[in-house]
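Trainee: In our numbering, the protein residues as written are 1367 to 1511. This is the structure I have questions about; it appears just below.
This is the structure in structure tokens:
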């Protein structure tokens, strides 16, 4: 984290992320953020660099747990570049493939469950209205299609 704390320019911030993944490949994630490094490094500072440094310094979560939590969030958000980067970070922090895959499963499970729950009220209301339509049609002698 020494490099991350010392980073001042946008490019230094991007380059400092290497320490999170050890010898992992980060050129793709750097490309995703390159425009901000060049055009508005304060965005990187306020939305990526500083919050992560603060989380690391608080030490509430160990590095492996922090990376696994981030992975679950990124999976739910379907953020491919972030997943690639943070899978490497999780492995660098000691996570196993089994732990990473369990996080992917839990993220997909929760995402699916939220989708089903979000549909629930609309489906219930749609069925209620359909039943009402059928009752009206029955009273008037018409069949509902």
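Each residue gets a CB set at the ideal place from its N, CA and C atoms; glycine is no exception. Note that the structure is predicted; figures quoted are calculated from it, not measured.
Taking residue 1419 as the reference, which of 1454, 1477, 1373 has the closest Cα?
Mentor: Among 1454, 1477, 1373, the Cα nearest to that of residue 1419 belongs to 1373.
Trainee: For the alpha helix (DSSP H) containing residue 1415, name the first residue and the last one.
Mentor: It is not in any alpha helix (DSSP H) - residue 1415 carries neither H nor E in the DSSP assignment.
Trainee: Tell me whether residue 1449 is buried or exposed, calling it buried when 16 or more other Cβ atoms sit within 10 Å of its Cβ.
Mentor: Buried is the call here.
Trainee: Mark residue 1456 as exposed unless 16 or more other C-beta atoms lie within 10 angstroms of its C-beta, in which case mark it buried.
Mentor: That one is buried.
Trainee: Under 7 angstroms Cβ to Cβ from residue 1479, same chain only, skipping five residues before and after it: list those, please.
Mentor: Taken in chain order, the list of residues that qualify is empty.
Trainee: For residue 1490 and residue 1379, what's the separation of their Cα atoms in angstroms?
Mentor: The straight-line gap from Cα to Cα measures roughly 50 angstroms.
Trainee: Among the residues of its own chain, which have a CB less than 7 angstroms from the CB of residue 1461, if the five just before and after it don't count?
Mentor: Contacts found: 1430, 1433, 1434.
Trainee: Please specify which runs of the alpha helix (DSSP H), each continuous and at least 4 residues long, are wholly inside the stretch 1382–1458, giving them in chain order.
Mentor: Counting whole runs of 4 or more residues, the stretch 1382–1458 contains the alpha helix (DSSP H) stretches 1384–1387, 1393–1405, 1407–1410, 1416–1424, 1429–1442, 1446–1458.
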